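Peer 1:
In UniProt numbering, the protein residues as written are 1 to 371.
(1) Of all the options 159, 141 and 79, which has the alpha carbon lying nearest to the alpha carbon of residue 110?
(2) Buried or exposed: where does residue 189 fall if 16 or more other Cβ atoms within 10 Å of its Cβ makes it buried?
(3) Nearest by alpha-carbon distance to residue 372: which of 361, 119, 136 and 118 is it?
(4) Shortest alpha-carbon distance to residue 72 belongs to which of 62, 141 and 234?
(5) Quick one: which unbroken beta strand (DSSP E) runs of 3-plus residues sit fully inside the stretch 281-328? Chain order, please.
(6) Take every Cβ of the stretch 52-68, pair it with every Cβ of the stretch 318-330, and state whether three or more of those distances are shorter than 8 Å.
(7) Give the range of the alpha helix (DSSP H) segment to which residue 124 is assigned.
(8) Is the separation between the beta-carbon of residue 217 and that of residue 224 shorter than 7 Å?
(9) Taking the C-alpha atoms as reference points, what is the distance between residue 90 and residue 181?
(10) Could you pull out every unbroken beta strand (DSSP E) segment of at least 3 residues lying fully inside the stretch 177-221, listed in chain order?
(11) Within 10 angstroms of its Cβ, does residue 177 collect 16 or more other Cβ (buried), or is it exposed?
(12) Within a Cβ cutoff of 7 Å, which residues of the same chain sit near residue 194, ignoring the five residues on either side of it in sequence?
(13) Between residue 116 and residue 356, what straight-line distance do the alpha-carbon atoms span, to the nearest angstrom?
(14) Can you tell me whether residue 174 is helix, strand or coil according to DSSP?
(15) For the alpha helix (DSSP H) holding residue 120, just list the boundary residues, first then last.
(16) On a Cα-Cα basis, can you pick out the residue from 222, 171, 221 and 351 that is closest to residue 154?
(17) Using the C-alpha atoms, what's the distance from residue 82 back to residue 248?
(18) Where do the N-terminal and C-terminal ends of the alpha helix (DSSP H) with residue 44 fall, by residue?
(19) If you drop the 5 nearest sequence neighbours on each side, which residues of the same chain put their C-beta closer than 6 Å to that of residue 363?
(20) Could you tell me which residues DSSP pairs with residue 250 in its beta bridges?
(21) Have a look at the DSSP bridge pairing and note the partners of residue 366.
(22) Between which two residues does the beta strand (DSSP E) containing residue 78 stretch?
(23) Between residue 285 and residue 331, how many whole angstroms is the CB-CB distance? I'm expecting something under 8 Å.
(24) If we require 3 or more residues per run, which beta strand (DSSP E) segments fall completely within the stretch 80-106?
(25) Do you know whose CA, among 150, 129, 41 and 251, lies nearest residue 215's CA?
(26) Comparing alpha-carbon positions, which option in 210, 191 and 123 lies nearest residue 161?
(27) Report the residue from 345, 282, 297 and 371 whose alpha carbon sits nearest the alpha carbon of residue 311.
(28) Count the other CB atoms within 10 Å of the CB of residue 229; is the residue buried (16 or more) or exposed (fewer)?
(29) Do you know how far the Cα of residue 50 is from the Cα of residue 328?
(30) Using DSSP with H/G/I as helix, E/B as strand and the rest coil, what is residue 418?
(31) Considering Cα atoms alone, identify which of 333, 335, 361 and 367 is closest to residue 347.
(32) Roughly how many whole angstroms lie between the Cα atoms of residue 29 and residue 64?
(33) Alpha carbon to alpha carbon, how far is residue 236 from residue 56?
(34) For residue 308, count neighbouring Cβ atoms within 10 angstroms of its own Cβ and tell me buried if that reaches 16, exposed if not.
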């Protein structure tokens, strides 16, 4: 599977059987107490001359492949989901000495595929191969508490999850080719909003899901939806070549949508200033590998990162002109040696000073300093 850790959105699947373990996670992720640059220094400017540097030891504890990772909105906590059926919370306030918070979160009966924080950081949503979604009160990340019962309704593995910016709605996407919206007015008693949104394409809808920053648009694997009234979502008119990606992520200003498509394997940028008329920009960035691939925007919107799980490389693209992205420096090799495993997971801290990737053995997370 392929996932985006910038927003913890699943990015795609592969017919291959990777030897490094079960893959998962992805389309909502991502400040830490490190010195911040001046406002005029963009991440693209930094990456043009200085590659990211490893910081601290890998975060270890999971006994299965890490499927997804996401920073809390305040940047002090990192949540990781694993094929070992658990979620772990880490204190990364000092990225040089990350430490585990509390005991692993349990309750899912199969691998955990994705994680997402609400915009205030008080709720964590987790999804699983067991077909359920669970909510956790993370107001105190050192003592997370389950919220209500598991959300059920999907009939197959759930991979995509995203909170609306106002935190009132949760969107989930599953291998049953549906997307469901949930009312979180009372998080302990979340209830479905309307009926499931069906995927009209011929492939599963689980790997593409993202809310626009203004909360009015929801991007799914097959189309864009107007969710101004989440109880009555309406499809937006789109051209024939509208963005239909296995993975989706909006830029921080909401003007761009990055899509990762599996047939063929390409990354494309779209102008979605008018979401009813998405327009492709330039040529696809490149053809990518067939497994564990993810994309993420830096918080300042200056750079797009593309992570390749086949060789462990991450490429950074200057998107000042989104119709003509340019490669920044050399690809970052996240592996210690060529013989170690690789997973295409990448997520940025909200202030853009840190990057988190899956470590060498797929069971760990490595932090990188960008500034």
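Note that CB positions come from ideal geometry on N, CA and C, so glycine has one too.
Values in this document were obtained by computation on a predicted structure and should not be read as measured data.
Peer 2: According to the data block:
(1) Nearest Cα to residue 110 within the set 159, 141 and 79: 159.
(2) Residue 189 is exposed by the Cβ-count criterion.
(3) Because the chain in this structure spans residues 1 to 371, residue 372 falls outside the shown range and cannot be described.
(4) Of the candidates 62, 141 and 234, the one whose C-alpha sits nearest the C-alpha of residue 72 is 141.
(5) Whole beta strand (DSSP E) segments, 3+ residues: 293-297, 303-308 and 313-318.
(6) Below 8 Å, too few C-beta pairs join the stretch 52-68 and the stretch 318-330 to call them touching: fewer than three.
(7) Note, residue 124: premise wrong, no alpha helix (DSSP H); beta strand (DSSP E) at 123-128.
(8) Result yes, Cβ atoms of residue 217 and residue 224 sit closer than 7 Å.
(9) Taking the straight line from one Cα to the other gives about 29 Å.
(10) Runs of the beta strand (DSSP E) inside the stretch 177-221: 178-183, 191-198, 209-211 and 217-220.
(11) With 16 or more other Cβ atoms within 10 Å, it is buried.
(12) In the same chain as residue 194, and ignoring 5 residues on each side of it, the C-beta atoms closer than 7 Å to its own belong to 181, 231, 232 and 233, in chain order.
(13) Those two C-alpha atoms are separated by around 15 Å.
(14) Residue state, collapsed to three classes: strand.
(15) No alpha helix (DSSP H) contains residue 120, which DSSP labels as neither H nor E.
(16) Restricting attention to 222, 171, 221 and 351, the CA atom closest to the CA of residue 154 is found in 171.
(17) If you draw a straight line from the Cα of residue 248 to the Cα of residue 82, it comes to about 21 Å.
(18) Unbroken alpha helix (DSSP H) run through residue 44: 43-49.
(19) Non-local beta-carbon contacts of residue 363 in its own chain, meaning distances under 6 Å to residues more than five positions away in sequence, involve 62 in chain order.
(20) 257, per the DSSP bridge assignment.
(21) Residue 366 is bridged by DSSP to 357.
(22) Counted as a single uninterrupted DSSP element, the beta strand (DSSP E) harbouring residue 78 occupies residues 77-82.
(23) The beta carbons of residue 285 and residue 331 sit about 13 Å from each other, so the pair does not count as a contact at 8 Å.
(24) Counting whole runs of 3 or more residues, the stretch 80-106 contains the beta strand (DSSP E) stretches 87-91 and 99-105.
(25) Minimum Cα distance to residue 215 is reached at 251.
(26) Looking only at 210, 191 and 123, the smallest Cα-Cα distance to residue 161 is reached by 210.
(27) Selection 345, 282, 297 and 371 evaluated against residue 311 yields 345 as nearest (Cα-Cα).
(28) Exposed, since its Cβ has fewer than 16 Cβ neighbours within 10 Å.
(29) Between the alpha carbons of residue 328 and residue 50 lies a distance of about 10 Å.
(30) Only positions 1 to 371 of the chain appear in the structure, and residue 418 is not among them; the question remains open.
(31) Checking every option, the nearest Cα to that of residue 347 belongs to 367.
(32) Note that residue 29 scores 38 on pLDDT, short of 50, meaning its location in the model is unreliable; the coordinates nonetheless yield the value given after this. Put simply, the backbone Cα of residue 29 is about 21 Å away from that of residue 64.
(33) Here the C-alpha atom of residue 236 lies approximately 46 Å from the C-alpha atom of residue 56.
(34) With 16 or more neighbouring CB atoms inside 10 Å of its own CB, residue 308 falls in the buried class.
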